[in-house]
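> Take a look at the following structure, please.
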Amino acid sequence: NPKSFLPPISNAKEFQGLFSKSFQTTQEFKTEKPQEFLLYGDIVTLIANETNSDYQYSGIVNGDGISHSYLECVPKKYLVEANSAIQVRQSLFRVEPARQYGHLKTLKEYQNLDQKQESTLKKLEFLVREESECNEADLETTTGDKVRYGDRIQLRHIHSECFVTTKLK
1 NPKSFLPPIS NAKEFQGLFS KSFQTTQEFK TEKPQEFLLY GDIVTLIANE
51 TNSDYQYSGI VNGDGISHSY LECVPKKYLV EANSAIQVRQ SLFRVEPARQ
101 YGHLKTLKEY QNLDQKQEST LKKLEFLVRE ESECNEADLE TTTGDKVRYG
151 DRIQLRHIHS ECFVTTKLK
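Final position of the sequence shown in UniProt numbering is 169; the numbers increase by one with none missing.
In structure tokens form, the structure reads like this:
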């Protein structure tokens with residue numbers, strides 16, 4: 001069951017995420033020259049830039065994901081200071097294909113019903129396991145492939161293994 005991060009921003013339009021390549025997930029995909037494309041399995045850092053008539057701000061998107069479930073933007077200097085409590089690992093995200101959660105959602109809804117049939121519950125649990133296996137297989141087969149315009153992706157926070165989500169408010 002994936003956890004969610006909710007960024008503390010008042011307006012989604014205020015947030016501009018820019019990808020910057022940090023390193024690859026496995027030795028198999030490392031190359032001598034910089035790559036021109038974002039690949040599934042790449043590790044990225046999100047940089048938020050905000051320009052307002054009163055001020056200009058740039059920082060790294062960072063999150064603990066364990067003691068709190070939100071992301072925040074911190075100045076880059078905090079990541080390089082030796083005595084900083086912020087770790088670089090807390091600012092790294094792996095690019096993964098979007099997962100399917102339809103059967104998991106159906107199972108949760110079914111579990112909330114007053115009357116349940118054991119056979120239906122077992123079928124739904126089987127479908128959830130199968131869906132999870134398909135998600136993992138999809139991750140394995142796409143790692144190293146180029147992310148193309150229009151592809152649905154998810155960002156997994158390296159430090160907490162949680163997925164990034166957004167909430168409109």
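Using N, Cα and C, we set each Cβ at its ideal position, and we do this for glycine too.
Are there 16 or more other CB atoms within 10 angstroms of the CB of I66, so buried, or fewer, so exposed?
The residue in question, I66, is exposed, as its Cβ has fewer than 16 Cβ neighbours within 10 Å.
> Counting only runs of 4+ residues fully inside the stretch 94-136, write out the alpha helix (DSSP H) ranges in chain order.
Runs found: 102-111.
> Can you tell which of E109, N62 and T141 has its C-alpha closest to the C-alpha of L46?
Cα-wise, what sits closest to L46 is N62.
> If I follow the unbroken beta strand (DSSP E) through V88, where does it start and stop?
Unbroken run through V88: none, as it is neither H nor E.
> I158 and I43 look like a contact to me (Cβ under 8 angstroms); what is the Cβ gap, rounded to whole Å?
Right, their Cβ atoms sit about 7 angstroms apart.
> Assuming R94 and R156 make a contact with CB atoms under 8 angstroms, what is their CB distance in whole Å?
5 angstroms between Cβ atoms; contact.
> List the DSSP bridge partners of E161.
Per DSSP, none; premise fails for E161.
> So the candidates are Y101, S119 and N112; which of them puts its Cα closest to the Cα of E136?
Ranking the options by Cα distance to E136, first place goes to Y101.
> Can you say whether C134 is buried or exposed, counting buried as having 16 or more other CB atoms within 10 angstroms of its CB?
Result: exposed.
> Hey, could you find the ends of the beta strand (DSSP E) S58 is sitting in?
Element bounds for S58: Q56 to N62.
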